Every structure is written in C-alpha cells, then in structure tokens.
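See structure below.
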Amino acid sequence: MSKSVWPTCGGEAATLVRTKDWSQTSLGPLDTWPNSLRVLTDAVLRAPVSMVLVWGEDRTLIYNDAYARIAADRHPQAFGGSVRDAWPEAWDFNREVFDACFAGEERVFRDAHFVLARHGVPQDTWFDLYYSPAADEHGRICGALSTVIDTTARVTAERERDRQEQHLKQANADLDALRIRLEDLNQRLAADMDFLNTLFRQAPSFMAVLVGPDHVYELANDSYLRLVQHRDVMGKPVRAALPELEGQGIFELLDRVYRDGEPFHGQNVDVLLDSGDGIATERRILDFVYQPLKHADGQTYAIFVEGIDVTDHALTEERLRVAQEAGEIGTFEWFPNTGKMAVSDAYRRIWGFATDTEITAELLVEHVHPEDRHLSGPRRLVNDDNPIGYNEYRIRRADTGEIRWIARRGQSMRSTVAGERRYLGVAFDITERKRTEENLRQAETALRELNQSLERKVEQEEAGRFKAEDALRQAHKMEAVGQLASGVAHDFNNVLQIISSNLQLMELDGMGSQTAGRVASAVAAVERGSKLSSQLLAFARRQPLQPVVTHLGELIGGMESLLLRAMGDRIAVEIRQNAGLWNVQVDRNQLENAILNMAINARDAMDGSGSLTIGLANAPNDASLGGDHVCLSITDSGCGMPPEILDKIFDPFYTTKAPGKGTGLGMSMVYGFVKQSGGEIKVRSTPGEGTTIAIYLPRAAGQVLEEAAAADTAIPGGHETILVVDDDPAVIATTTEILAGLGYQVLRAGNGQEALAILGSGLPVDLLFTDISMPGAVDCASLVRQCRSLSPRTGIMLASGQLPDSSFDEELDLLAKPYNREQLARAVRAQLGAPAGPVTARAADPVQAPEPHTGQRILVVEDDPDTRELACELLAALGHAASGSSSAEQALALLKEHDIDILFTDLNLPGLSGIELANRAMASQPTLKVILASGDGHSTRIPLASGMAVLPKPYDLPQLEMSIAHVATTLH
0 MSKSVWPTCG GEAATLVRTK DWSQTSLGPL DTWPNSLRVL TDAVLRAPVS
50 MVLVWGEDRT LIYNDAYARI AADRHPQAFG GSVRDAWPEA WDFNREVFDA
100 CFAGEERVFR DAHFVLARHG VPQDTWFDLY YSPAADEHGR ICGALSTVID
150 TTARVTAERE RDRQEQHLKQ ANADLDALRI RLEDLNQRLA ADMDFLNTLF
200 RQAPSFMAVL VGPDHVYELA NDSYLRLVQH RDVMGKPVRA ALPELEGQGI
250 FELLDRVYRD GEPFHGQNVD VLLDSGDGIA TERRILDFVY QPLKHADGQT
300 YAIFVEGIDV TDHALTEERL RVAQEAGEIG TFEWFPNTGK MAVSDAYRRI
350 WGFATDTEIT AELLVEHVHP EDRHLSGPRR LVNDDNPIGY NEYRIRRADT
400 GEIRWIARRG QSMRSTVAGE RRYLGVAFDI TERKRTEENL RQAETALREL
450 NQSLERKVEQ EEAGRFKAED ALRQAHKMEA VGQLASGVAH DFNNVLQIIS
500 SNLQLMELDG MGSQTAGRVA SAVAAVERGS KLSSQLLAFA RRQPLQPVVT
550 HLGELIGGME SLLLRAMGDR IAVEIRQNAG LWNVQVDRNQ LENAILNMAI
600 NARDAMDGSG SLTIGLANAP NDASLGGDHV CLSITDSGCG MPPEILDKIF
650 DPFYTTKAPG KGTGLGMSMV YGFVKQSGGE IKVRSTPGEG TTIAIYLPRA
700 AGQVLEEAAA ADTAIPGGHE TILVVDDDPA VIATTTEILA GLGYQVLRAG
750 NGQEALAILG SGLPVDLLFT DISMPGAVDC ASLVRQCRSL SPRTGIMLAS
800 GQLPDSSFDE ELDLLAKPYN REQLARAVRA QLGAPAGPVT ARAADPVQAP
850 EPHTGQRILV VEDDPDTREL ACELLAALGH AASGSSSAEQ ALALLKEHDI
900 DILFTDLNLP GLSGIELANR AMASQPTLKV ILASGDGHST RIPLASGMAV
950 LPKPYDLPQL EMSIAHVATT LH
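Oh and the sequence shown: position 754 is 753 in numbering that gives the first Met the number 0, straight run, nothing missing.
This is the structure in structure tokens:
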C-alpha cells in the first residue's frame, strides 16, 4: 500500500513542510507529529491570509506563503526555526505575547510598529496582529496561532496623507497670514494715502498740480482754493479758470517752465486775483515755486505749484519801511565776524553817506567823535553781552563834517550761518533834543543857585517839620484814642454844659477882678475840653481825597530837604528821575504823608545807616496794570523782610517794631490811599539785602496848575440864620462858635429829627449845614429831601470826613472835614450869595435873638437836680419866673395847680418821656408853649407840626434866650 503525501495542499510552504528534515527540530519527524499539529499546520497552509503557527517550547515557526512574503529575505531560513532566531529584533515583544498565549490568553494589536531588517536595511513596518492559543488532542496548550496582516502600506499612506494634510493646513495658515498681512499693508497704504491726502489738503501753503501744456488743474488743496475764492477750477485749464491773470505774466511763466523743464522760484510777487464777486480784483503778494514733474525719459508732463500768501507780512514791512523813512529812523545789520554791514537809505542819510558807499563797522567808527568811540559797537564787542545796547553819542557827518548827536539801540539776533554773530539795530538823530537838554541844564543850574539862597529860610522851618514828623509817628496811636472818645462824647459834653452854665451865671452875678480872672481861665479850660473832644472824635474819620494834576518830580523835589533831615546824616538819599516824566492825578498832601511814612520805615529798617533811593520813571502800557502809569519806587539797603513778614505788610495793626514804636497802620494806610487813587503797590524784599516799594499811579492828562495865591486876609461874614446839624456836640460847639464869630445867627440840632423840628417850627433858616454821617431815624439824605419840601428857599451844604455815596445829589456842595475858620466862612458865603462884608478875626459874639417877652412863667422838668437847678438859675438871670420838677408826673400835677406860660422839659425823663409830657400838657392847656432840651434825641421822633421847639444840648445863654423869645412870639 502506497504511503499518502501530507500535506496535500500546494504552495512553497507546503513543499517545505513535506521536504524539511524535521527530525533535526524539536517537532521530530513529520510522521510522528500529533494529529492536532497536523490539523493546525494544514489550516495555516490553506489560510488566505498570512498566518503562522508557533509550536512547542522552542517556539518553532510554521507559516504559509503569505507570511513568507512578510518574512522576505528571512524566508526560508526562518521556516521551522525558532521565533527568537527568526525575529531577534522583535524578540522582547514576541516573548511576552507568546508567553501569554501559552498561558491561554489572546492578544490583538492594531498597527503595531516594528523596525525590521529587510534586505539588510532597517525599515519601519506596521502590522495588525491577532494571537490565540492552540491546544493538542488532550486539551493542552502547545502552541499559538497568529494572523499577521502587514499594514505598512496603509499606515504609510495614511501618514503621508496626514503629512500632506498638515502641510496643506500649514500652507493654508501661511496663506491666511499672508492674506492678513496683505490686508494690513493695504490698510496702512490706505491710511498713508488718507494721511497724504489730508496733509496735501490741509497744508498751510497753497498747492496745486497743473497737467499738460494747457496747465489743466488736476489737484488743488484747501489753501489754494481759498486763494482763488473757492472757484470751480478742477479739470479746467488755468487760462479758463483764472482769466484775471491775463497780462500779468503768469501764463507765460507756466509755459516757459513746462517747455524748458526748469523750476521757477518767485518771492514777493504781486498778483491781482478776483475778489470773489467776478468784478473787482484784490492785490495779493505771494512767495511760490513752479516745479516741473517729469517722466522717466525726462519729458515734463505737469507742474507742481506750491507757495504761501505773504500779503500781510509784506504790507507790514511796507508800512514799517514807510514809517522809518518818514521818521528818519535808520536800520542796520552788523556782522562782527566780517565787519560788513547792511544799512537802510535813512541810515545813510543820518551819517551823510552816499548811496554807493560801502558801509563797514570800521568806517562808522572813524566818523564817531573821538571822545565817544568807546560807546561804539566794535569797541564794546569784547566786554559787553550786547555791544549795541542803547547809547547816545556824537558823529561827524561824512558829507558836511557837521557834528550831530544820534541814539542807537539794537540787539543780537540768530544768524543763518552757524556760529556767526549777527546784530540788528536802529539809529535816529537826537541833536535837537540834546540842545533842548543843554538849555534845561543851564536853567537847572540857575535854579540850583536860587535854591541855595533859600536854604537858610528852609532851615528855619525844619524845626517845625521835626514836630510834624513826631506827630506823624504818633498818628496811628491817635486812631484808637478817637475810637474810644466817641463812646463817651455825649456824657462829656453834658458835663461841660453844666460847668459852662455855672461859669456864665457867675459872670452875670458880677465878681471881683481876681475871681473874674479865675472864671475866665475856667471858661478857657471848658473851651479847650470841648475842642479836645471834637479833635478826638474827628481824628478817626477818613478824609476825602482832593486829587490834582501833579508832577512827581516836583513833589519829591519839594520834599527833599524834609527827607534828608528825616533820614539823618548817616543815610545817603538819592533821587533818580527819568526824562520826560508824565503827570499823575493824586492828593499831594496824602502822597507826601505816604512817602514820608515809607521813608521813615526804611530808616528804621537800616538802623539809621545806609542808602535810600527814590526812583521816578514812566511805566508805559503795562499789561499787568492796564494802561500808562508812573512808578515811584523807594529802595533801602536795610535788613529786608522774609516772605512770612512780607505777606502781612499791609495788614492793619501788624508791626515788627517794639511796643510804643508803631501802631502797624502806616503801610495799611499807604495801601488804602494808593488803591483809592486808582493805583497799585508792589513790594520786593530779600533778607539782608533791603526792600523796594513801588507805587504805580495812572498817567494823567492836563498840566500842573500853579498853587493859588494866598487869599485876602479879610474873611467874609454875614447876618443870616444857619442851622448846624451834627451828632457830635463838639463839632456843633466849635462850628457854632466860628459862625457866631462871623456874625451869623446859629441854630443847632444833634440829629435829623431835631433839625426837622426846627425847620418845621417856622423859624427862618437861610442855610442848612449838616454832617453826612447822621445816625437816628432821619439820615442825612432824608433830612435834605424833607428840607427841600419844608423850606424850599433854604440853602443846603454838607460836611463830611469821607466821600458821600451815590445816593447824594452831586449838585450839593461838600465841605471836607477838618476845615478851618476861613474855609468854613468862604463856603458858607458862597452858598448864601454875595458877602455881606468881611469880618476880621474876633471873639465869638453872643447870638442876637429877638427881644423876648419878659416875665414868662416857666416850668423846668429835668431829672438831674444839678442841671435842673442851673437851668432855673439861668432863666431867673434872664428875668423869668422859673420853677423845677423832677418828673413828668409831678409836672402834670403842677400844671393843674399853677399858671405856666412855657414848659421847658428834657426829652429823656424817667417814666413819661418829655414828648409824652408835652403832648398831655398841650392837650389840657392849648396855649402852653413847649421847649424840648436834649443831648441825645436819636431814639425819639418829633412830629413836624407838633408846635414844639427844640433846644439841642449843650446850649449857651444866648441860645436859651433866643428859644424863649421864639416860642413867646411865634408859637400859638
């Protein structure tokens, strides 16, 4: 029986199974293989995919033809060999997998990567691997089946595809970045184009582009369109767009630039352009350039027009040139490095040089007077920062040889050449001015000689001025005294009234010569006390200014002797005054006080030794001051002031002097005076270096008036009746005394209410003389208004220590306090009309009153027993029957019991007031006459038609007699 052949399938692997000497392997001869191995081998050989069977502990390989292709050059040596020998580079992987399979586990790997040697070269390979255990007939696992699918081509293709996709993505990303960059470049290009278009359109110089031989407008910016009045020129030839240029050479100039290809630069070119209405033309002066634009071949295809309108600048230069020529002001430009000069025609005429003469610095120096050559620019160039600063010197004219005076002023200017010095300046002839100054110097010399002859007289007056200086130093302290005195004035005057009344009674009673002398001394003391009260009350009042046109140089000259004495021998006083000093309008007396105040402060700051400089100069058109001013400066070399003291210098009552040496009101009064005069005051001070106080007063028009000659010593008087109204009894007393001494009949009122009562009583009043500051229910304005209504024929004159406000009639005359006897007399006479005749200085005569009806029965009502007793004695001395009462209630009872002709009552009574008493008494006795006496009627209103007479306190015997006569003859 023939032996069967196994395996029966075809193929190279099957042949190897049949032909291989398996006895040399761990599997043994082929015919000894177990059936399970044969079945598995046959399955592997017949499999359509690459499969391998690993059998036994040696891991022997049996694979099919498909796997042989994977093994490549390892086949057929690997067939029947061990896995380790066949695939040594993959042994670690295979050992772990086959150990797992022999342990009964399965393994699957997708696209497992191996680096395998193929054809002697390591290559990347990828496989899908499926491993499963294989059992024998007894169920023991003796091997492993592995299906191997080579995925290298697919993986490589996928990776290539991924690479290509990544490359494509990168390319797309690069393209996107390039697109973004291009878009950004396009935006930047558009922005640049917009910027260039905006720059072209908004350029301050005018620009246009004219294309072709006909010069057609292609572009024109805003400045160009403004120049041509915004006419529609775009796309039009220049001859059609601007026809007014015909005959001005502009068209021909454009044709030449286009033809020759050469640019044209024009400066100060006069052009007549349409003014915008199509009819008139206007002159424009232009600086411009015509720049040809050319192709690469050099052929001109357009003209670029660019320029600026210099009309305003050119016209200004033209006006300046005309002004310089008209005023004969010469201009020059000097270059010290070369000595060359550029000068105007007017400059040549001043020096007498011909127009063709080359002017150099040395040539000019040769014509400067030898004594003045040190003032010339070349001689001062080395040592002076500005060698051509203001100077006046003599020259010898080149043409006539005449000596002339010229003034020169200039300054350094930047040159167009780096490092080159350049100076610009002007010069003008001042010969006539110098001649005038010489004449003035001669006049001043004669005046100085005259002043020297007057110095002896001035020395006699210096002693009196020293006293004035002492009074000035104490003036501020008296301010406080005046404030305190005003609070006790009323009571003080009442006391004086009592003393005065007693003294008058003693004079009426008669006395010996010794007693009469003592009484006269007491009366004089009363008068001095009254005047003292008046002075203390009036001292604190601010006086109104009396500004007049003043030349400060003359004012300071008049004070020079006083200042020298005030400063002492160890302080050098220098007065510097610029020529041509303007006038100011200022109160001379107040300014002199201010100057003296500041000078004394400076003396104290210098501790009696140093220098004091008084400067006078014009301050023209100072922007910080507003207009022209004159500056008066006082500079000392004293100790100076730190900033913390300088900030308080104008504060009232602030002083750095020792107690008793100053009140601190001096500089505050100076400050207020300067401000009231419309000026400014500035202070500069450095500790250890000194202080400068500068007063700026507005420039005034007009001429300084000569002081009026002394008036005639005869003082006009009269016999009219004057009503004096003032809340200050001392002022009333002194004013009454003066007016009575001038022959006038005087009525007095302490406030507006009392004045209205007198005006309404029917007494004839020719002049109302009232103070402006009037306390109480009726102020001065109301008093004036009601006076005009009650007594239209009564004249009105005001007195005040300060200026009235705007509510007062400007036509009313104002007599400023303090006033003297002569000022008061002339002011009163001016109000009343032609003088009744002059009176000489004399003692005050008693007031002439109408003859009274004697034997009047008078009831005196006064709560003060001394005043009541004195009043009764005065009335008895006048021939009347007087009785007294201490209260209104007692007086009413007495009126019922006795016949009384006149009720003489004080306004301020305890219980019922004097007015209430008068009203009740007159109601019960209509024929009763009433006199109201008061030193303070401020709080009570007296009806105008009440039928009462008012006698203000303090009153004297003639006034008391006149009041009694008045009520006895005129009241019902």
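We put the beta carbon where it would ideally sit given N, CA and C, even for glycine. Predicted model only: the values in this text are computed from it and were never measured.
Review point. Would the C-beta of valine 547 count as close to the ligand MN, meaning under 7 Å from any of its heavy atoms?
Key: Among the components modelled here there is no ligand, and therefore nothing to report on the ligand MN.
Practice item. Whole angstroms is fine: what's the gap from threonine 866's alpha carbon to histidine 550's? Key: 58 Å
Review point. In angstroms, rounded to a whole number, what distance separates the CA positions of methionine 961 and leucine 624?
Key: 60 Å
Check your understanding: Would you report the Cα separation of leucine 645 and glycine 665, rounded to the nearest angstrom?
Key -> 14 Å
**Study point:** Three-state secondary structure (DSSP) of aspartate 865
**Key:** helix
Exercise for review: Measure the alpha-carbon distance for alanine 842 versus aspartate 725 and round it to whole angstroms.
Suggested key: Residue confidence for alanine 842 is low, a pLDDT of 37 falling below 50, so the modelled location carries little weight; the figure read from the coordinates is stated next. Looking at the two C-alpha atoms, the distance is approximately 23 Å.
Review point. Does the beta-carbon of glutamate 419 have 16 or more other beta-carbons within 10 angstroms, so that it is buried, or is it exposed?
Key: exposed
Review point. To the nearest whole angstrom, what separates the beta carbons of alanine 341 and phenylalanine 331, a pair I think is in contact under 8 Å?
Key: 7 Å
**Study point:** Where the beta strand (DSSP E) containing asparagine 267 begins and where it ends
**Key:** 263-273
Review point. Quick one: what's got a C-beta closer than 7 Å to lysine 235's C-beta in the same chain, skipping five residues either side?
Key: Val215, Tyr216
Practice item. Quick one: using the 10 Å Cβ neighbour count with 16 as the cut-off for buried, is glycine 119 buried or exposed? Key: exposed
Check your understanding: Is the beta carbon of serine 594 sitting closer than 8 Å to the one on methionine 558?
Key -> For the record, residue 594 in the displayed sequence is isoleucine; it is not serine. Yes, the pair counts as a contact, with Cβ atoms nearer than the cut-off.
Exercise for review: With DSSP collapsed to three states, give me the class of valine 149.
Suggested key: Per the sequence shown, the amino acid found at residue 149 is aspartate instead of valine. Aspartate 149: strand per DSSP, three-state reduction.
Exercise for review: Could you round the C-beta distance between proline 386 and arginine 393 to whole angstroms and report it? I think they count as a contact, below 8 Å.
Suggested key: Not really, about 18 Å apart at Cβ, beyond 8 Å.
Exercise for review: Can you grab the Cα-Cα spacing for the pair tyrosine 954 / phenylalanine 672, in whole Å?
Suggested key: 39 Å
Review point. Can you tell me whether alanine 892 is buried or exposed, with buried defined as 16 or more other CB within 10 angstroms of its CB?
Key: exposed
Practice item. Apply the 10 Å Cβ neighbour rule to threonine 514 and answer buried if 16 or more other Cβ atoms are within range, or exposed otherwise. Key: exposed
Point to revise | Euclidean distance between Cα positions of valine 518 and glutamate 643 | key: 59 Å
**Study point:** Given threonine 310 as reference, the closest of Val548, Val210, Ile284 once Cα atoms are compared
**Key:** Ile284
Exercise for review: Have a look at arginine 792 and proline 951 and give me their C-alpha separation to the nearest angstrom.
Suggested key: 24 Å
Practice item. State buried or exposed for proline 315, treating a residue as buried only when at least 16 other CB atoms are found within 10 Å of its CB. Key: According to the sequence as given, residue 315 is threonine; it is not proline. Exposed is the call here.
Practice item. Just list the alpha helix (DSSP H) runs in the stretch 717-771, keeping only unbroken ones of 4 residues or longer that don't cross its boundaries, in chain order. Key: 728-740, 751-759
Check your understanding: Can a CB atom of chain D be found closer than 8 Å to the CB of histidine 74?
Key -> Absent here is chain D; the protein component of the structure consists of one chain.
Practice item. Would you kindly work out how many angstroms separate the C-alpha atoms of tyrosine 223 and glutamine 576, rounded to a whole number? Key: 56 Å
Check your understanding: So what does serine 933 bridge to, in DSSP terms?
Key -> Pro951
Exercise for review: Can you give me the Cβ contacts of leucine 782 inside the same chain, cut-off strictly under 8 Å, excluding the 5 residues immediately before and after it?
Suggested key: Val724, Gly751, Ala754, Leu755, Leu767, Thr769, Met773
Practice item. Measure from the alpha carbon of serine 610 to the alpha carbon of each residue in Asn620, Ala598, Pro87, then state which is nearest. Key: Ala598
Point to revise | 8 Å contact criterion, which glycine 338 and threonine 356 should meet: CB distance rounded | key: So it is not a contact: roughly 15 Å between Cβ atoms.
Review point. If we ignore side chains and look at the alpha-carbon of each, how far apart do leucine 15 and alanine 65 end up?
Key: 14 Å
Practice item. For isoleucine 69, I'd like the list of residues in its chain whose CB is within less than 7 Å of its CB, leaving aside the five on either flank, ordered along the chain. Key: Ser49, Val147, Asp149
Review point. Who are the Cβ neighbours of aspartate 221 in its own chain at under 7 Å, not counting the five residues just before and after it?
Key: Arg200, Gln201
Point to revise | Where isoleucine 278 falls, given that 16 or more other Cβ within 10 Å makes a residue buried | key: exposed
Practice item. Assess, as a yes-or-no matter, whether the stretch 24-41 is touched by the stretch 86-104 under the definition of 3 or more beta carbon pairs within less than 8 Å. Key: no
Review point. When you compare only the Cα positions, how much space is there between serine 882 and threonine 733?
Key: 31 Å
Practice item. Give a yes or no on whether the C-beta atoms belonging to tyrosine 130 and arginine 106 are separated by under 8 Å. Key: yes
Review point. With respect to the alpha helix (DSSP H) encompassing glutamine 675, which residues constitute its N-terminal and C-terminal limits?
Key: 665-675
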